[in-house]
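S.K.:
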Amino acid sequence: MSRDYAKKTSKKPPAKRSKARTNSRQSKRSTTQSPRWMWLFSGYLLGILSMGLLHLWQTPQQDISQAIDKVTGTKSVQDAKTEFIFYTQLRDAEIIVPDTPPDALRKTKADKGQDEVFILQAGSFKNPQDADSLRANLLLLNMNANVEKINSSKGGTWHRVLVGPFQSSSKLANARSTLLQNGIDNLVLKRPKK
């Protein structure tokens with residue numbers, strides 16, 4: 014005998030929720046929430062305080078730097094007039110930059126009949142020890158290198174590291190490519206034969 018349990022009604026009444034339980038939830042919510050105006054006020058106060066501290070922290074540094082300039086009487090580096098002397102120094106040496114790549118330079122005929130030779134400038138230094146160091150590196154690369162001392166118009170001394178002289182453009186191109194492969198930038202200088 015089978016029974017139908019789906020349509021069976023329950024004889025027990027539904028359980029009622031107790032008031033004590035709902036009251037305890039409401040009391041917990043009210044104690045953990047704080048008023049929104051209090052958070053807003055504390056945020057404004059914190060922002061004003063941090064801006065005031067930032068202003069006080071930056072202002073004395075500006076006043077000190079202005080006071081130092083007034084006492085020493087120095088002007089900033091930007092106000093000083095810059096003089097360039099390389100214009101006069103470059104007049105003495107003619108720089109040749111070939112328009113053709115080194116392969117095309119090899120195909121041209123040699124310049125043996127001319128009264129000029131080519132020299133490569135591998136570097137220019139104020140410190141003679143730096144120039145000697147580069148000269149030693151060039152000698153290790155089996156290149157004919159020497160240091161030339163130049164006096165500038167302002168009384169400073171420059172030490173040029175020169176490679177050469179080269180009679181033909183093919184030897185010049187080979188030496189130039191060797192220098193570039195070793196990370197040494199260079200300039201081609203044309204000078205009269207001695």
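Each residue of the sequence shown is one higher than the one before, starting from 14 at the first, in the numbering used here.
Don't be surprised by glycine CBs; every beta carbon is placed ideally from N, CA and C.
Leaving out five residues before and five after N199 in sequence, what residues of the same chain have Cβ atoms less than 7 Å from its Cβ?
M.R.: Excluding positions up to five away in sequence, the list reads L133, Q134, A135, R189 and L192.
S.K.: Can you round the beta-carbon distance between R173 and E161 to whole angstroms, since I take them to be within the 8 Å contact cut?
M.R.: A Cβ-Cβ distance of about 5 Å is found for the pair R173 and E161, placing them in contact under the 8 Å criterion.
S.K.: Any idea if V110 is buried or exposed, counting beta-carbon neighbours within 10 angstroms, 16 or more meaning buried?
M.R.: exposed
S.K.: Using only alpha-carbon positions, find the residue among A186, F179, K184 and G169 that is nearest to K206.
M.R.: Residue F179 holds the alpha-carbon nearest to the alpha-carbon of K206 among A186, F179, K184 and G169.
S.K.: From I108 to R204, what does the alpha carbon distance come to, in whole angstroms?
M.R.: Taken atom to atom, the span from the alpha-carbon of I108 to that of R204 is near 10 Å.
S.K.: Tell me the DSSP secondary structure of Q46 in three-state form.
M.R.: coil
S.K.: Take the Cβ of G177 as the centre, count every other Cβ of all protein chains shown within 10 Å, and call the residue buried at 16 or more, exposed below.
M.R.: Its Cβ being crowded by 16 or more others within 10 Å, G177 is buried.
S.K.: Tell me where the beta strand (DSSP E) around F179 begins and ends.
M.R.: T170 to F179
S.K.: Let me make sure I understand the geometry here. Which of R16, S182 and S166 has the alpha-carbon closest to that of I98?
M.R.: S166
S.K.: Which residues share a DSSP beta bridge with N157?
M.R.: DSSP output for N157 lists no bridge partner at all.
S.K.: Which two residues bound the contiguous alpha helix (DSSP H) that contains R104?
M.R.: F99 to D105
S.K.: Tell me whether K83 sits in a helix, a strand or coil according to DSSP, three-state version.
M.R.: Three-state result, K83: helix.
S.K.: Using the C-alpha atoms, what's the distance from F54 back to P48?
M.R.: 10 Å
S.K.: Should L175 be labelled buried (16 or more other beta-carbon atoms within 10 Å of its own) or exposed?
M.R.: buried
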